[in-house]
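Student: Under our numbering, think of the first position of the sequence shown as 17, with each following residue one higher.
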Amino acid sequence: FLVGQHMLQYAITGKPAAPMPDRISAWAVYDVFTVRDDGQIFLAAVSDAQWKTFCTAFGFDDLLADPGLATNNQRVMARATMMPLLRERLAGFTVAQLSQRFEQLGLPYAPIRKPEELYDDEHLRRTGGLADIVLPDGTRAGQTAGTTLLPITMHGERLGVRVQPPRAGEHSDALLAQLGYSADEIASLRAAHAVA
Numbered sequence: 017f018l019v020g021q022h023m024l025q026y027a028i029t030g031k032p033a034a035p036m037p038d039r040i041s042a043w044a045v046y047d048v049f050t051v052r053d054d055g056q057i058f059l060a061a062v063s064d065a066q067w068k069t070f071c072t073a074f075g076f077d078d079l080l081a082d083p084g085l086a087t088n089n090q091r092v093m094a095r096a097t098m099m100p101l102l103r104e105r106l107a108g109f110t111v112a113q114l115s116q117r118f119e120q121l122g123l124p125y126a127p128i129r130k131p132e133e134l135y136d137d138e139h140l141r142r143t144g145g146l147a148d149i150v151l152p153d154g155t156r157a158g159q160t161a162g163t164t165l166l167p168i169t170m171h172g173e174r175l176g177v178r179v180q181p182p183r184a185g186e187h188s189d190a191l192l193a194q195l196g197y198s199a200d201e202i203a204s205l206r207a208a209h210a211v212a
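1. Would a C-beta distance cut-off of 8 Å place M98 and D47 closer than the cut-off?
2. Apart from the five residues just before and just after I57, which ones in its own chain have a Cβ nearer than 8 Å to its Cβ?
3. Express the C-alpha separation of G185 and A210 in angstroms, rounding to a whole number.
4. Identify the continuous beta strand (DSSP E) that holds I128 and give its terminal residues.
5. Alpha carbon to alpha carbon, how far is L123 from R117?
6. For the alpha helix (DSSP H) that contains I28, what are its first and last residues?
7. Could you check the C-alpha separation between W43 and C71 for me, to the nearest Å?
8. Short of 7 Å in beta carbon distance, which residues of its chain neighbour H68, apart from the five on each side in sequence? Order them along the chain.
9. Can you find the residues in the same chain that come closer than 7 Å, C-beta to C-beta, to K130, ignoring five residues on each side of it along the sequence?
10. CA-CA distance, R142 and D53?
11. Can you grab the Cα-Cα spacing for the pair H171 / E119, in whole Å?
12. Let me check one thing: in DSSP terms, what residues is A76 bridge-paired to?
13. Just checking my contact of G162 with Y135 at CB under 8 Å: how many whole Å lie between their CB atoms?
14. Skipping 5 residues on each side, what residues in its chain have a beta carbon closer than 7 Å to that of G84?
15. At 3 residues or longer, and completely inside the segment 158 to 197: list those beta strand (DSSP E) runs for me, N to C.
16. By the three-class DSSP mapping on this structure, what secondary structure does L134 have?
17. If you measure between the beta carbons of L165 and R174, is that distance less than 8 Å?
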């Protein structure tokens with residue numbers, strides 16, 4: 017849902033959105049890793065219990081035994097040395113392998129996808145999270161483009177496309193009338209090219 021506008025931007029323009037900037041995290045392992053298949057995956061181990069689960073499952077006994085990495089705060093302070101180690105050790109896995117392992121462990125993860133890749137996303141397709149709309153104008157007028165639906169359901173049903181997007185200015189007169197503008201005022205606005 018939060019990348020729907022980027023997906024639609026790609027569908028209309030063919031240009032992918034730029035990635036978001038890196039952020040300072042309050043958690044030591046809450047980051048994106050580039051792995052063997054040149055894919056990227058977000059992985060997290062934010063609590064001490066998750067850190068233990070993570071280290072144990074991947075055989076990182078040396079990190080688990082390090083007293084300087086015992087708490088999240090210590091791990092945050094040690095990110096400069098710890099993260100390159102984790103990146104090196106996890107680089108041998110594929111996105112699919114890490115996804116499966118983190119799913120089994122109940123640890124937070126998310127394969128990193130570009131907005132244009134989400135049209136093939138299994139979760140969005142399985143949950144009915146995508147729908148086609150007809151583009152009303154522009155260079156692709158009359159063609160369909162995929163868009164995301166709101167990630168909510170009402171009475172067990174996902175909210176679908178109720179009406180197609182309007183052409184620019186298609187409802188201007190009705191909206192201005194609802195706002196209290198008279199027919200003469202609307203005509204004046206049109207004559208001044210103040211509304212579409």
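For glycine and all other residues, C-beta sits at the position ideal for the given N, C-alpha and C.
Tutor: So, to answer that:
1. no
2. V48, F49, V51, V111, L114, S115, Y125, A126, P127 and I128
3. 11 Å
4. Careful: I128 lies outside any beta strand (DSSP E) and carries neither H nor E.
5. 9 Å
6. First-last of the alpha helix (DSSP H) with I28: G20 to T29.
7. 16 Å
8. What sits at residue 68 in the sequence shown is Lys, not His. If we look at K68 and ignore the five residues flanking it on each side, its Cβ neighbours are L80.
9. P32
10. 25 Å
11. Rounded to whole angstroms, H171 to E119 spans 29 Å at the Cα level.
12. In the sequence under discussion, the amino acid at residue 76 is Phe, which differs from the Ala named in the question. Note: F76 sits in no beta bridge, so no partner.
13. 5 Å
14. Q90 and A94
15. Listed in chain order, they are 160 to 164.
16. helix
17. In contact: L165 and R174 (Cβ atoms closer than 8 Å).
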